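Peer 1: Have a look at the structure that comes next, please.
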Amino acid sequence: MEPDSGTRSETYAELAALGPYGVRPGHALITMVEPHPGHEHAYNRWYEDDHYYAGAMAMPWMFAGRRWVATRELQLLRLPEKSAVAEPVTAGCYLSTYWVTEGRYDDHMKWTVGINKRLNRDGRVYRDRTHVFTAFQDHEATVYRDGAAGPRDHHALDHPYAGLVLEVIDVAGAERRPALVEWLRSRHLPAALAGSPAAMVTVFRPTPLPGDRMTYVKQVEGVDTRLTLLWFLEADPRACWAERFAGLGEQVAGAGLEARVELLAPFVPTVPGTDRYVDQLR
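Per this note's numbering, numbering of the sequence shown is gapless, rising by one per residue and ending at 330.
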């Protein structure tokens with residue numbers, strides 16, 4: 049068999065010569081998953097040894113990725129007690145974050161639907177897990193603590209940050225979201241970042257999943273009314289939680305924008321190639 053037989057390799061050179069190929073994270077995949085009880089180790093090994101690569105990083109235009117984990121201690125810090133995102137609020141102990149090249153969302157989605165159908169057909173999808181919060185997202189803004197100094201947002205998933213906080217904010221109606229974005233970008237986030245161990249915050253808005261998505265992934269909620277924030281920390285989130293994060297919900301609620309924090313969840317990075325933290329999830 050010829051090396052290129054069945055792969056249409058000749059089309060790859062044509063595709064590479066067309067379309068955007070910048071480095072900005074114009075889009076993201078943010079997925080928070082709960083392995084079923086008793087499946088924590090097997091799920092971690094499947095995701096890390098196979099799916100992180102075959103189902104994500106090997107795909108065109110997905111140029112950076114990182115996995116995060118919430119031990120039971122970190123899960124118990126989450127807010128609010130009643131969340132529209134996670135029920136219970138402690139659900140979803142693994143978080144994966146990926147950047148997709150700006151302007152390449154449609155191209156990437158065609159590939160990801162196709163490869164996930166193939167992985168399912170070939171028995172390479174781990175069933176004993178629940179998608180708590182999974183959405184492709186469009187980049188809205190990035191706010192930096194140190195201005196032009198330090199890593200940019202396209203470095204964020206490769207830079208050795210010590211922690212990450214996932215924040216999900218819902219607003220009362222779609223017409224109010226632009227005002228929320230402006231308040232976050234110009235007032236709230238610069239003030240919250242000043243002097244904090246958070247180096248940057250990326251702000252995304254969710255996009256609907258395609259109709260031919262995998263059936264075990266529910267359709268995205270809050271497409272017109274939700275924002276997803278990722279806070280990248282230079283310190284363990286436990287060291288700054290009470291001072292820097294526990295009051296964020298009240299600050300958002302008090303801004304007069306009819307907005308509510310529906311999830312505030314701290315994570316630390318996984319250690320690739322290991323099962324570190326797997327025994328601390330319950």
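Heads up, the beta-carbon is just placed ideally off N, CA and C, and yes, glycines get one too. These numbers were taken from a predicted model, which means no experiment stands behind them.
#1: What does the Cβ neighbour count give for glutamate 50, buried or exposed, with the cut at 16 atoms within 10 Å?
#2: What span of residues does the alpha helix (DSSP H) with valine 161 cover, start to end?
#3: Between which two residues does the alpha helix (DSSP H) carrying leucine 332 extend?
#4: Could you name the residues of the same chain whose beta carbon sits closer than 8 Å to that of arginine 177, not counting the 5 residues immediately before and after it, in chain order?
#5: Please state the DSSP three-state secondary structure of leucine 232.
#6: The alpha helix (DSSP H) spanning leucine 122 covers which residue range?
#7: With respect to the beta strand (DSSP E) encompassing alanine 183, which residues constitute its N-terminal and C-terminal limits?
#8: Rounding to the nearest angstrom, what Cα-Cα distance links aspartate 98 and glycine 302 in this structure?
#9: DSSP puts alanine 313 in a beta bridge; with which residues?
#10: May I ask which residues mark the beginning and end of the beta strand (DSSP E) holding leucine 77?
#11: Quick one: give me the first and last residue of the beta strand (DSSP E) that tyrosine 146 is part of.
#12: Output the boundary residues of the alpha helix (DSSP H) element that contains leucine 241.
#13: Who are the near neighbours of cysteine 288 in its chain, counting only those whose CB is closer than 6 Å to its CB and skipping five residues on each side?
#14: Between which two residues does the beta strand (DSSP E) containing proline 254 stretch?
#15: Relative to the C-alpha of tyrosine 95, which candidate in Asp154, Trp109 and Arg114 has its C-alpha closest?
#16: Does DSSP classify glycine 103 as helix, strand or coil?
#17: Can you tell me the Cα-Cα spacing of glutamine 328 and glutamate 188, whole angstroms?
#18: Quick check on glutamate 62: does DSSP put it in helix, strand or coil?
#19: Does glutamate 223 come out as helix, strand or coil in the three-state DSSP assignment?
#20: Hey, quick one: how far does the alpha helix (DSSP H) through leucine 296 stretch, first residue to last?
#21: Identify, in the order they occur along the chain, each residue of the same chain with its Cβ nearer than 7 Å to the Cβ of glutamine 185, setting aside the five sequence neighbours on each side.
#22: Can you give me the Cβ contacts of glycine 221 inside the same chain, cut-off strictly under 7 Å, excluding the 5 residues immediately before and after it?
#23: Look at the Cβ atom of arginine 324, then the Cβ atom of alanine 240, and state whether they are nearer than 9 Å.
#24: Any idea if threonine 190 is buried or exposed, counting beta-carbon neighbours within 10 angstroms, 16 or more meaning buried?
#25: Do the region 120-140 and the region 155-169 make contact, defined as three or more Cβ pairs closer than 8 Å?
#26: Considering only the beta carbon of each residue, do leucine 214 and leucine 312 sit closer than 9 Å?
#27: Does the distance from the CB of tryptophan 279 to the CB of valine 326 come in under 9 Å?
#28: Here's a check: name, in chain order, each residue in its chain whose Cβ is nearer than 6 Å to the Cβ of glycine 211, leaving out the five neighbours to either side.
#29: What span of residues does the alpha helix (DSSP H) with alanine 90 cover, start to end?
#30: Out of Thr119, Thr145, His203 and Leu232, state which residue places its alpha-carbon closest to the alpha-carbon of isoleucine 217.
Peer 2: Short version:
#1: For the purposes of this step, residue 50 is identified with residue 2 of the sequence shown, where counting begins at 1. Bear in mind that a pLDDT of 49 at glutamate 50, under 50, signals an unreliable position, so the model cannot answer this.
#2: Here residue 161 is taken as the residue at index 113 of the sequence shown, counted from 1. First-last of the alpha helix (DSSP H) with valine 161: 153-169.
#3: What is shown of the chain runs 49 to 330, which leaves residue 332 out entirely.
#4: Within the sequence shown, the letter at position 129 stands for residue 177. Excluding sequence neighbours, arginine 177 sits near Val81, Glu82, Pro83, His84, His87 and Tyr91.
#5: In the sequence shown, counting from the first residue as 1, residue 232 sits at position 184. Of the three classes helix, strand and coil, the one that applies to leucine 232 here is helix, per DSSP.
#6: Numbered from its first residue, the sequence shown carries residue 122 at position 74. That run of the alpha helix (DSSP H) goes 120-123.
#7: For the purposes of this step, residue 183 is taken as residue 135 along the sequence shown, with counting starting at 1. Residues 177-192.
#8: As a working note, residue 98 is residue 50 in the sequence shown. As a working note, residue 302 is residue 254 in the sequence shown. Their Cα atoms are separated by approximately 44 Å.
#9: As a working mapping, residue 313 is identified with position 265 in the sequence shown. Per DSSP, Leu214.
#10: Residue mapping note: residue 77 aligns to position 29 of the sequence shown, counting from 1. Unbroken beta strand (DSSP E) run through leucine 77: 73-83.
#11: Here residue 146 corresponds to residue number 98 of the sequence shown, with the count starting at 1. Segment 142-149, the beta strand (DSSP E) holding tyrosine 146.
#12: Position 193 of the sequence shown holds residue 241. Its alpha helix (DSSP H) spans residues 237-241.
#13: Residue mapping note: residue 288 aligns to position 240 of the sequence shown, counting from 1. Closer than 6 Å at Cβ, skipping near neighbours: Pro245.
#14: Residue numbering aside, residue 254 sits at position 206 when the sequence shown is read from its first letter. From DSSP, the beta strand (DSSP E) with proline 254 extends over 246-254.
#15: Counted from its first residue, the sequence shown places residue 95 at position 47. Nearest option by C-alpha distance: Arg114.
#16: Reading the sequence shown from its first residue, position 55 is the one you call residue 103. Helix, per DSSP.
#17: As a position in the sequence shown, residue 328 is number 280, starting the count at 1. As a position in the sequence shown, residue 188 is number 140, starting the count at 1. Approximately 34 Å between the Cα atoms of the pair.
#18: Numbered from its first residue, the sequence shown carries residue 62 at position 14. If DSSP states are grouped into helix, strand and coil, glutamate 62 belongs with the helices.
#19: Mapped onto the sequence shown, residue 223 falls at position 175. DSSP places glutamate 223 in helix when its eight states are reduced to three.
#20: Taking the sequence shown and counting its residues from 1, the one referred to as residue 296 is at position 248. Note, leucine 296: alpha helix (DSSP H), 296-301.
#21: Against the sequence shown, residue 185 aligns to sequence position 137. So the list reads His75, Ala76, Ile78, Phe252, Arg253, Pro254, Thr255 and Thr276, once near-sequence residues are dropped.
#22: What you label residue 221 is simply residue 173 of the sequence shown in a count that begins at 1. Excluding sequence neighbours, glycine 221 sits near Thr273.
#23: As a working note, residue 324 is residue 276 in the sequence shown. As a working note, residue 240 is residue 192 in the sequence shown. Going by C-beta atoms, arginine 324 is not nearer than 9 Å to alanine 240.
#24: Taking the sequence shown and counting its residues from 1, one reaches residue 190 at position 142. Buried, since its Cβ has 16 or more Cβ neighbours within 10 Å.
#25: no
#26: One-based indexing of the sequence shown puts residue 214 at position 166. One-based indexing of the sequence shown puts residue 312 at position 264. Yes. Within cutoff.
#27: Reading the sequence shown from its first residue, position 231 is the one you call residue 279. Reading the sequence shown from its first residue, position 278 is the one you call residue 326. Not in contact: tryptophan 279 and valine 326 (Cβ atoms no closer than 9 Å).
#28: The count along the sequence shown starts at 1 and reaches residue 211 at position 163. For glycine 211, where only same-chain residues beyond five positions count, the Cβ hits under 6 Å are Leu281, Asp284, Pro285 and Val316.
#29: Looking up residue 90 in the sequence shown gives position 42. Unbroken alpha helix (DSSP H) run through alanine 90: 88-94.
#30: Reading the sequence shown from its first residue, position 169 is the one you call residue 217. Residue Leu232 is the option with its Cα nearest to isoleucine 217.
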